[in-house]
Amino acid sequence: MYKEWRNLSSNEQLDKSEFTKYKFGSFTPNLCQKILIYIIRKTFFKRGFFRLRLTNLIMSLQKGPLDIYFRNCAFRIYGENNAIEYGILLNPEYNQTDIDFLLDGSDSNSNFIDLGCNIGLYSLPLASSAPNGRVVSIDANPLMQSRLLFNVNSSRIKNIQIVCSAVSDKSGEGSLLIRKNDTGNVSLNEDIKDSIKIDKLENIIREKKLKSIYGLKIDIEGHEDKALVPFLLNAKESLLPKRIVIEKKTKNSDYPGCAMAFKKLNYELVSRSKNNSFYKKL
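Count along the sequence shown from 1, then add 39; that gives the number in this note's numbering.
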């Protein structure tokens, strides 16, 4: 049995897949896979409880990954224990409410921050909807940087800037922890220094020369207060995001530092989804 949390080794952070050299479309689902995916997407089997086993079943029907489209963006699905991949593959409405909330009221020039971007579930649809703006996609895991870059290039999206870094209230180096062997659940460990770069969000935004931010999504497994609060409390008004989607601490509560900052800066809690809270700047 795996531990709830364990160290993510440097070797696990490397993209060693032999399939990365093949262009998108080389691994389209075969007929059996297409039928299974269609049935699952139309039924309650698309729910989270079933996704892991059903994804494993689908992947077993053909060697290699799967190339699919989600919200008109290209994604290569490896089936290597990443819950976000399962959702993209099997649920056409996966995190739809969250993504649509960030896009509501935006225009083609809007800028976004995707903090904890993984393979681009948020980044690609946001960038596609705002082709004249920019999306800064941040993730601490180098493996996700490689997988996201493939999806970005395959989607022919030009306005995503990928940053491979953890984010906290200080700069430095750290290591990564992984929960239940799921690459969608990786957290920063600041106590053990390894090769993982740590930077402040304000430094990243300054480096990318953003003048405004329409939407920000943050899901970094418990480091939300350290990453987001210092930026919000010191940012110029023009850089305060109009909309924020943030992972919840518990079912009906947010991380205390972020909740305090939201209240101080006049953010309104609009609603909550299963995993996230939605805030709008008043």
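The C-beta atom is built at its ideal place from N, Cα and C for all residues, glycine as well.
These numbers were taken from a predicted model, which means no experiment stands behind them.
Assuming residue i and residue j are in contact, meaning their beta carbons sit under 8 Å apart, how far apart are those beta carbons, in whole angstroms?
i           : j           : result
residue 176 : residue 253 : Not a contact, Cβ separation roughly 15 Å.
residue 147 : residue 169 : 6 Å
residue 251 : residue 150 : 6 Å
How is the beta strand (DSSP E) around residue i delimited, first residue to last?
i           : result
residue 307 : 306 to 311
residue 318 : 315 to 320
How long is the line joining the alpha carbons of residue i and residue j, rounded to whole angstroms?
i           : j           : result
residue 377 : residue 87  : Given that the chain is displayed from residue 40 to residue 321, the structure contains no residue 377 and the question cannot be resolved.
residue 108 : residue 135 : 14 Å
residue 255 : residue 171 : 17 Å
residue 165 : residue 279 : 18 Å
residue 272 : residue 45  : 33 Å
residue 96  : residue 286 : 30 Å
residue 41  : residue 157 : Bear in mind that a pLDDT of 47 at residue 41, under 50, signals an unreliable position, so the model cannot answer this.
residue 71  : residue 99  : 11 Å
residue 317 : residue 301 : 11 Å
residue 122 : residue 94  : 10 Å
residue 131 : residue 206 : 30 Å
residue 314 : residue 202 : 24 Å
residue 63  : residue 128 : 15 Å
residue 198 : residue 239 : 22 Å
residue 231 : residue 214 : 6 Å
residue 74  : residue 58  : 24 Å
residue 310 : residue 209 : 31 Å
residue 295 : residue 264 : 7 Å
residue 163 : residue 200 : 11 Å
residue 89  : residue 117 : 17 Å
residue 306 : residue 223 : 28 Å
residue 186 : residue 204 : 15 Å
residue 284 : residue 137 : 7 Å
residue 293 : residue 258 : 12 Å
residue 106 : residue 83  : 23 Å
residue 262 : residue 167 : 28 Å
residue 247 : residue 297 : 24 Å
Tell me, which residues are paired with residue i by DSSP?
i           : result
residue 108 : 113
residue 345 : The displayed coordinates of the chain run from 40 to 321. Any statement about residue 345 would go beyond what the structure contains.
residue 211 : 237
Looking at the secondary structure, which residues open and close the alpha helix (DSSP H) in which residue i lies?
i           : result
residue 122 : 122 to 129
residue 53  : Unbroken run through residue 53: none, as it is neither H nor E.
residue 136 : 135 to 142
residue 95  : 87 to 98
residue 72  : 70 to 80
Every unbroken beta strand (DSSP E) within the segment 144 to 200, with a cutoff of 3 residues, ordered by chain: 151 to 154, 174 to 178
Alpha helix (DSSP H) runs wholly inside the segment 218 to 302, at least 4 long, in chain order: 240 to 246, 263 to 273
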